[in-house]
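Numbering (full-length UniProt numbering), first residue to last: 1 to 223. For each residue, glycine too, the CB sits at the ideal point set by N, CA and C. This one's a predicted model, so the numbers in the text were calculated from it and none came from an experiment. Below is one structure, written out as structure tokens; the observations come after it.
As structure tokens, then:
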């Protein structure tokens, strides 16, 4: 059987011109389909390919559908990227603009613990290093209300400690003691923290907080 096919193939090849083997219009059908499909130079040529369909030697290889450009998928990906940018902008924009004190107060008033920590730390640095920032905090009702609200909420120990350090720095300014002592909510919360510090068992992470509260109350009550 194989010998008969080879004989018919040899006859067919002799009937063609020598250069027609690579012709672009020569279909391989029947016994001609036993030829291997075109291969790249340097690669081994298999003995035969058992196929029964017509194929031109110059026909392009099939491109899988997944490799083709899909405009619908592209639009979906673009929409997802733009949506991510929109969500990020919506989260960050409220904290942009205004003064650095107001932005820090907004961070401190956030519900996110990381933003609270960042706002408290920034306010502490500003209060320690700049007299003008201390005066600005004292004159900003938003900043004072945010500080008092964060103390009343009994935030994380590191946030609460930084807020108390801000208050301690504000007491050093002229008029700071009078302004903070007049805030009844702040004084009530400080008194509660002082009472808790004397009643609850020793907790290392709150020890510095209770110490700060005692120092602040002493400074507020001093003439």
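Worksheet item: Can you give the Cα-Cα distance for residue 146 and residue 196, rounded to whole angstroms?
Response: 22 Å
Worksheet entry | Between the CA atoms of residue 219 and residue 126 - distance to the nearest angstrom | 21 Å
Worksheet entry | Option nearest residue 165 by Cα separation, candidates 135, 105, 109, 208 | The candidate whose alpha carbon is nearest that of residue 165 is 208.
Discussion item. By the three-class DSSP mapping on this structure, what secondary structure does residue 172 have?
Written reply: coil
Worksheet entry | DSSP state of residue 198 mapped onto helix, strand, coil | helix
Item to complete: Over the uninterrupted alpha helix (DSSP H) stretch that includes residue 121, give me the two end residues.
Response: 113-129
Worksheet item: Leaving out the 5 sequence neighbours to the left and right, which residues in its chain are closer than 7 Å to residue 115 when beta-carbon positions are compared?
Response: 107
Fill in: Secondary structure of residue 73, DSSP reduced to three states
helix
Worksheet entry | Limits of the unbroken alpha helix (DSSP H) element including residue 99 | Unbroken run through residue 99: none, as it is neither H nor E.
Discussion item. To the nearest angstrom, how far is the alpha carbon of residue 86 from that of residue 77?
Written reply: 14 Å
Discussion item. Using 8 Å as the cut-off, can you tell me whether the region 183-195 makes contact with the region 135-142, which would need three or more C-beta pairs spanning the two stretches below that distance?
Written reply: no
Discussion item. Tell me the DSSP secondary structure of residue 109 in three-state form.
Written reply: Residue 109 carries a coil assignment under DSSP once its states are collapsed to helix, strand and coil.
Item to complete: In angstroms with no decimal places, state the Cα-to-Cα distance between residue 159 and residue 135.
Response: 21 Å
Item to complete: In the DSSP assignment, find the unbroken alpha helix (DSSP H) run with residue 153 in it and report its ends.
Response: Premise fails: residue 153 is in no alpha helix (DSSP H) and is neither H nor E.
Item to complete: Could you give the DSSP three-state label for residue 45: helix, strand or coil?
Response: Residue confidence for residue 45 is low, a pLDDT of 47 falling below 50, so the modelled location carries little weight and cannot support an answer.
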